[in-house]
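Just add 101 to wherever you are in the sequence shown, counting from 1, and you've got this note's numbering. Using N, Cα and C, we set each Cβ at its ideal position, and we do this for glycine too.
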Amino acid sequence: MKMQQKQWLRMATDMSWSILPGMLLLRSIRNFSKCLTDYKEKQLKGNKIFLIDGRFLESMATGVDRYAFETIKELDRICGDAGFEVRLLVPDTVKSEHADTAAVVDAFSNIRVYYVKRGSRWTQVTFALHAWKMGAVPVNLCNEVSVMAPKGIVCLHDTCYADCPEFFPEDEVKWFLGIYRRIAKKAEVILTVSEFSKKRIEEVLGVSADRIVVAGNGWQHFEKIQPNEYIFDRLKGVEKGNYYFTLSSANKNKNAEWIISASQCNPDAEFVMAGRKLDRVIEFSKYPNVHYAGAVTDEEAKALMMHCRAFVFPSWYEGFGIPPLEAMSAGARVIVSDRASLPEVFGRSAHYIQPDNPVVHFESLLNEPVQSSDEILKKYSWVRTAQTVMQTLASF
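Here it is, written out as structure tokens:
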């Protein structure tokens with residue numbers, strides 16, 4: 102009898118496990134069906150709602166995150182009388198793990214902020230379901246799109262994985278090429294940060310120009326940063342006003358090796374390199390005139406920018422290039438690569454180098470005349486970015 106009970110229990114357990122996926126699928130279909138009904142009803146009412154994916158608030162580690170954060174801050178200031186509603190969906194972990202960031206969005210006047218439980222598939226599932234449920238147009242400012250969400254607005258900052266796949270691991274390239282294709286299919290409107298990136302999106306993804314809107318970066322966040330001059334106590338042998346500064350990463354497209362080669366062509370010049378993990382790809386002890394600052398804070402970076410002979414940015418590929426713009430706003434002369442978007446962004450206000458030719462005499466280069474940086478700094482602002490985004494929402 103006990104043996105039969107065990108057999109029946111085992112059979113019941115096996116059946117439960119076989120039925121469970123179907124039950125979960127059925128529940129998902131029912132939830133999605135209800136969301137779709139809610140979405141259609143709210144669309145018919147004509148109450149236009151835009152829902153911004155706030156996952157970027159969890160990290161704030163990249164220029165893409167910076168773009169999204171600064172844009173929504175300015176958007177909140179100007180969207181009060183826009184005639185539509187803007188909402189921000191934020192993982193609940195932001196409140197507990199990034200209290201300072203949460204305090205900023207909690208103080209928003211016009212954008213309604215919703216904190217929801219952080220699921221394992223935030224953008225693809227959680228964000229998508231809330232967009233359907235709210236009857237909202239989804240907006241993602243960070244190179245991502247949900248295949249489950251309604252069609253909406255996505256900011257694709259560049260197409261670097263298609264344009265220079267040799268700089269990235271093969272699996273990473275395949276992953277991002279898939280994201281590019283999803284964006285081209287799911288986004289009604291694609292925002293991007295430069296005319297260069299707009300053209301590449303047209304050519305790489307076959308997206309028509311009328312679906313792409315350029316909303317560039319800004320630099321005004323850097324005004325609020327107080328320089329931390331104690332960084333010079335850490336950099337022995339570095340004198341203010343007597344070094345060239347670069348802010349980079351170990352990513353190959355940033356071309357950090359160019360600085361090392363250029364330093365050997367200019368043995369009497371001093372160079373300061375800052376960036377996370379650069380010491381894993383460069384053996385700095387071999388180069389006595391190159392000083393590695395490691396990962397630096399915004400405050401330390403600003404101090405180094407303010408006192409350098411020039412800020413050097415030899416990148417192979419950029420969709421925009423925020424660091425040279427920040428350096429320019431801090432009063433630094435700027436030397437940038439002549440590739441990708443950089444000539445468009447910095448015009449005649451920067452000095453140019455070729456990323457494949459490190460044979461450069463810096464003093465001679467800096468003696469060449471350039472225009473004032475004032476026009477560049479006037480051209481780019483987070484206010485202008487937010488205005489462009491708001492116009493895009495209004496015309497959606």
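Is it buried or exposed, residue 415, if we count other Cβ atoms within 10 angstroms and call 16 or more buried? Burial is judged here by how many other beta carbons sit within 10 angstroms of a residue's own beta carbon; residue 415 has at least 16 and is buried.
When you compare the segment 193-207 with the segment 222-229, are there three or more beta-carbon pairs, one atom per stretch, that lie closer than 8 angstroms? No, the segment 193-207 is not in contact with the segment 222-229.
Taking Cβ positions, are residue 318 and residue 164 nearer each other than 9 angstroms? Inclusion of residue 318 and residue 164 in the CB contact set at 9 angstroms is warranted, their separation being smaller than that value.
Between residue 150 and residue 186, how many whole angstroms is the CB-CB distance? I'm expecting something under 8 angstroms. With a contact defined as Cβ atoms closer than 8 angstroms, residue 150 and residue 186 qualify at about 5 angstroms.
Quick one, which of 244, 177, 457 has its alpha-carbon nearest residue 205's? Residue 205 has its Cα closest to that of 177, out of 244, 177, 457.
When the Cα atoms are used, what is the spatial distance from residue 300 to residue 261? Between residue 300 and residue 261, the C-alpha separation is close to 13 angstroms.
Which first and last residues belong to the beta strand (DSSP E) in which residue 241 is found? Counting along the chain, residue 241 sits inside the beta strand (DSSP E) bounded by residues 238-241.
In its own chain, which residues sit with a C-beta less than 6 angstroms from the C-beta of residue 323, not counting the 5 before and 5 after it? Excluding residues within five positions, the ones whose Cβ falls inside 6 angstroms are 427, 430.
Below 8 angstroms CB to CB, which residues in the same chain sit around residue 157 once its five sequence neighbours on both sides are set aside? Hits under 8 angstroms: 165, 166, 169, 170, 242, 243.
Over what stretch of residues does the beta strand (DSSP E) that includes residue 192 continue unbroken? Unbroken beta strand (DSSP E) run through residue 192: 186-192.
Whose C-beta lies closer than 7 angstroms to the C-beta of residue 353 among residues of the same chain, with five residues either side of it excluded? Cβ within range, chain order: 268.
Measure the C-alpha to C-alpha separation of residue 388 and residue 251 and round it to an integer number of angstroms. Straight-line Cα distance between these residues: approximately 54 angstroms.
What separation, rounded to the nearest whole angstrom, lies between the Cα atoms of residue 377 and residue 351? Each residue's alpha carbon lies about 7 angstroms from the other.
Near residue 188, which residues of its chain fall below 8 angstroms by C-beta distance, leaving aside the five closest residues on each side in sequence? Taken in chain order, the residues that qualify are 150, 151, 152, 153, 212, 213, 214, 215, 235, 237.
Reduced DSSP secondary structure (H/G/I, E/B, other) of residue 182: It is coil, neither helix nor strand.
Which residue wins for smallest C-alpha separation from residue 232, given the options 257, 190, 245? The shortest C-alpha separation from residue 232 is found at 190.
Which complete beta strand (DSSP E) runs does the segment 191-218 hold, if anything under 3 residues is left out? 213-217, all fully within the segment 191-218.
Which of helix, strand or coil DSSP assigns to residue 314: Strand, per DSSP.
Integer-rounded CB distance, given that residue 420 should sit under 8 angstroms from residue 309: The C-beta separation of residue 309 from residue 420 comes to about 20 angstroms, leaving the pair out of contact by the 8 angstroms criterion.
From this set, 194, 478, 453, which residue's C-alpha is nearest residue 221's C-alpha? Relative to the Cα of residue 221, the nearest Cα in the group 194, 478, 453 belongs to 194.
Residues in the same chain with beta-carbon distance under 7 angstroms from residue 393, minus the five sequence neighbours each way, listed in chain order, please. The beta carbon of residue 393 lies closer than 7 angstroms to those of 374, 379, 380, 385 in the same chain, with the five residues before and after it left out.
Fully enclosed by the segment 403-464, which alpha helix (DSSP H) runs are 4 residues long or longer? List check, alpha helix (DSSP H) in window: 423-430, 443-447.
May I have the straight-line CA-CA distance separating residue 345 from residue 433, to the nearest angstrom? Going by the C-alpha atoms only, they are around 10 angstroms apart.
Under DSSP, the alpha helix (DSSP H) around residue 279 begins and ends at which residues? Where residue 279 is concerned, the enclosing alpha helix (DSSP H) stretches over 271-287.
Near residue 455, which residues of its chain fall below 7 angstroms by C-beta distance, leaving aside the five closest residues on each side in sequence? Around residue 455: 439.
If you count every other CB in all the chains shown that lies within 10 Å of the CB of residue 366, and 16 or more means buried, which is it? Around the CB of residue 366, fewer than 16 other CB atoms lie within 10 Å, so the residue is classed as exposed.
Would you tell me roughly how many angstroms separate the C-alpha atoms of residue 363 and residue 461, rounded to the nearest one? If I take the Cα positions, the gap works out to 7 angstroms.
Return the CA-CA distance between residue 473 and residue 335, expressed in angstroms with no decimal places. Residue 473 and residue 335 have their C-alpha atoms roughly 33 angstroms apart.
Just tell me which of 463, 493, 484 has its CA closest to the CA of residue 172. The shortest C-alpha separation from residue 172 is found at 484.
For residue 327, which residues of its own chain have a beta-carbon under 7 angstroms away from its beta-carbon, when the five flanking residues on both sides are left out? If we look at residue 327 and ignore the five residues flanking it on each side, its Cβ neighbours are 400.
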